[in-house]
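The structure under discussion appears below in the form of structure tokens.
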Amino acid sequence: MTVRTRFAPSPTGYLHVGGARTALFSWLYARKHGGQFVLRIEDTDLERSTAESVNAILEGMTWMGLDYDEGPIFQTDRFERYNEIIQQLLDDGHAYKCYCSKDRLDELRETQMANKVKPRYDGHCLKNKAEDADAPHVIRFRNPVGGDVVVNDLIRGKIAFSNDELDDLIIRRTDGSPTYNLTVVVDDMDMNITHVIRGDDHLNNAPRQVNILKALAAEPPIYAHVPMILGDDGSRLSKRHGAVSVMQYREEGFLPEALLNYLVRLGWSNGDQEIFSIDEMTSLFDIDDVNKAPSSFNTEKLEWLNQHYIKEADPEHIANLLAPHLGKLGIDPTQGPDLIKVVEAQQERANTLVEMADISTFFYEDYKEFDEKAAKKNLRPVAAEAMKKIREALAGIETWSEDAIHSAIDDVAAALEVKMGKVAQPLRVAVVGRAASPGIDITLFLVGQEACLRRIDRALAYIEVRANETAS
RNA sequence: GUCCCGUUCAUCUAGAGGCCUAGGAUAUCGCCCUUUCACGGCGAGUACAGGGGUUCGACUCCCCUACGGGACGCCA
């Protein structure tokens, strides 16, 4: 048996991390077993499905590298097939027409809730024949009465549901469109899906689907309901928790490999291992090892992984990804030092590409103003002498190189009989405008001789103003 | 309310009856390295929801309670 899994999102929004993880698990499972992975768009809700959402989902899948062997298959293209099955169900007595108004159903629901019972359809139209068979109606699946339905779940084991808890669900709306529980069953059956891996918000749908499958004399697939992802506060993940859209993580400077690695470890583990390449995930992943309990999304750990992958990546690759982020800050990285060199200098210092762009602007343009704290601490009148000396030394360098810069700083420190830090730190603030930067040599080198001298002059002017202020 | 699922450090998790004085990772806090910030190294604190069983022995098995989540749509 060839393993066939699917990811079946409804196009009513962007691809969020919960869906992305489900997709990842399904994808990994198919890849691990040399099977196929199908992408199916569940767009039967004509009102809420949008083309933008379809694009957003496709874009997210592509960015994450979750390629599919079949699809995207759109359910709206398969209405004919669903109707065929519905007719079959009707003919076999497994379904019936229901003419109940929404008002009646709402009322029914309310009374049931008030009586503290589970809201269910009361089978009114099964007992009473309508006078006009062609009047507007929906079609309901006739759920078996009595007995249990057993859902065999790879993650949770056998779960029994009493048929009496289930009601006769609508499989076709008044407008003629089929509903989720019907389409999912027909598709999984037609597409020979062997393993249905999905969020456990679908766990309660499973028994209904098994019943429909039985009515169709079809074998149910193997189910695996993965627990949901919660926000960092333990509540259901929502926009309120920050980025939940996969594409937003890209915008915020995350690498897909970091997100993938983070997601695979959410609810799944392989001993103590934290870092997984795609190949490792593929070979090690197993549904059996997925946890039953829901987990909370923790951005800090994602950031750690992101930093890890930024650190490990090829600088050129990072440079390509970083360029657009610099662009957003109004910087053209082709005008200035080699971006790859900048990346090499910053690689260990950023959690995200956005952060890296932010701490790299001074390589390309003069800072707007000094970081107040850093200036206050380092650009003091006592630093003026060293600053002047170092300016002179730097100005005298003929071939601008890290070595030459290093020697210049060394010499000044030696001449003044102070530690290197006494010279380097004020110099750093003078050149980059803030307290932190990569090593002083590489920083000055990449900033360039001319810009360095210009900025040192600016710092000296700042110190002078300050000295006068203190004096008066 | 009814049904379903779940519960190990703040967070992600290891743990398949004795290996557990419960391990790792992130975060936090120290120390070291150091020209800053990072990186790296070393170290610290923090958890088996509670109560009953079963057993020579329970984080591991069973039951109850509490808490959390999900479902109850002419949404998926």
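Be aware that the first sequence starts at 819, since it is given in my numbering, and climbs by one per residue. Don't be surprised by glycine CBs; every beta carbon is placed ideally from N, CA and C.
- The continuous alpha helix (DSSP H) containing residue 922 extends over residues 920-932.
- Rounded to whole angstroms, residue 915 and residue 899 show a C-alpha spacing of 19 angstroms.
- The C-beta distance from residue 882 to residue 1142 rounds to 18 angstroms, too long to fall under 8 angstroms, and the pair is not in contact.
- In the structure shown, the three-state DSSP call for residue 888 is strand.
- Within the same chain, Cβ atoms closer than 7 angstroms to the Cβ of residue 839 are found at 1047, 1081, 1084, the five residues on either side in sequence being excluded.
- Under DSSP, no beta-bridge partner is assigned to residue 1178.
- Beta-bridge analysis with DSSP links residue 1211 to no other residue.
- Of the other Cβ atoms in all chains shown, 16 or more fall within 10 Å of the Cβ of residue 1044; this residue is therefore buried.
- Under the three-state reduction of DSSP output, residue 996 falls in the strand class.
- About 5 angstroms separates the beta carbons of residue 1042 and residue 973, which is inside the 8 angstroms limit, making them a contact pair.
- Residue 857 and residue 1099 do not touch by the CB rule: their CB atoms are close to 19 angstroms apart, not below 8 angstroms.
- Sixteen is the threshold: since fewer than 16 other Cβ atoms of the shown chains lie within 10 Å of the Cβ of residue 1210, the residue is exposed.
- Assignment of beta-bridge partners to residue 855 by DSSP yields 823.
- In this structure, residue 844 lies away from residue 1040, with their beta-carbon atoms at least 8 angstroms apart.
- Among the bridge pairs identified by DSSP, residue 896 is matched with none.
- Residue 935 carries a coil assignment under DSSP once its states are collapsed to helix, strand and coil.
- The stretch 1111-1122 makes no contact with the stretch 1144-1156, as fewer than three CB pairs between them are under 8 angstroms.
- Per DSSP, residue 915 is not a residue of any alpha helix (DSSP H); the beta strand (DSSP E) it occupies stretches across 913-916.
- Between residue 1007 and residue 1033, the beta carbon gap of about 12 angstroms keeps them out of contact (Cβ cut-off 8 angstroms).
- In this model, residue 910 and residue 1064 are separated by some 44 angstroms (Cα to Cα).
- Under the 10 Å beta carbon count, residue 893 is surrounded by 16 or more other beta carbons and is classified as buried.
- By the 16-neighbour rule on beta-carbons within 10 angstroms, residue 1257 is exposed.
- Counted as a single uninterrupted DSSP element, the beta strand (DSSP E) harbouring residue 1044 occupies residues 1040-1044.
- The three-state secondary structure of residue 1233, taken from DSSP, is helix.
- For residue 834, there is no enclosing beta strand (DSSP E), as DSSP marks it with neither H nor E.
- Between the stretch 1206-1226 and the stretch 1189-1197, the count of C-beta pairs closer than 8 angstroms stays below three; the two stretches do not touch.
- In the displayed model, residue 977 falls within a strand according to three-state DSSP.
- Under DSSP, the beta-bridge partners assigned to residue 1048 are 1054, 1114.
- Taken through DSSP and simplified to helix, strand or coil, residue 966 comes out as strand.
- The beta carbons of residue 878 and residue 939 sit about 37 angstroms from each other, so the pair does not count as a contact at 8 angstroms.
- Three or more beta-carbon pairs separated by less than 8 angstroms link the stretch 979-988 to the stretch 951-959, which places the two stretches in contact.
- For residue 942, no beta strand (DSSP E) encloses it; the enclosing alpha helix (DSSP H) starts and ends at 942-945.
- A check of alpha carbon separations from residue 1180 across 1163, 980, 1195, 1170 identifies 1163 as the nearest.
- Counting only the Cα atoms, residue 1275 lies some 23 angstroms from residue 1153.
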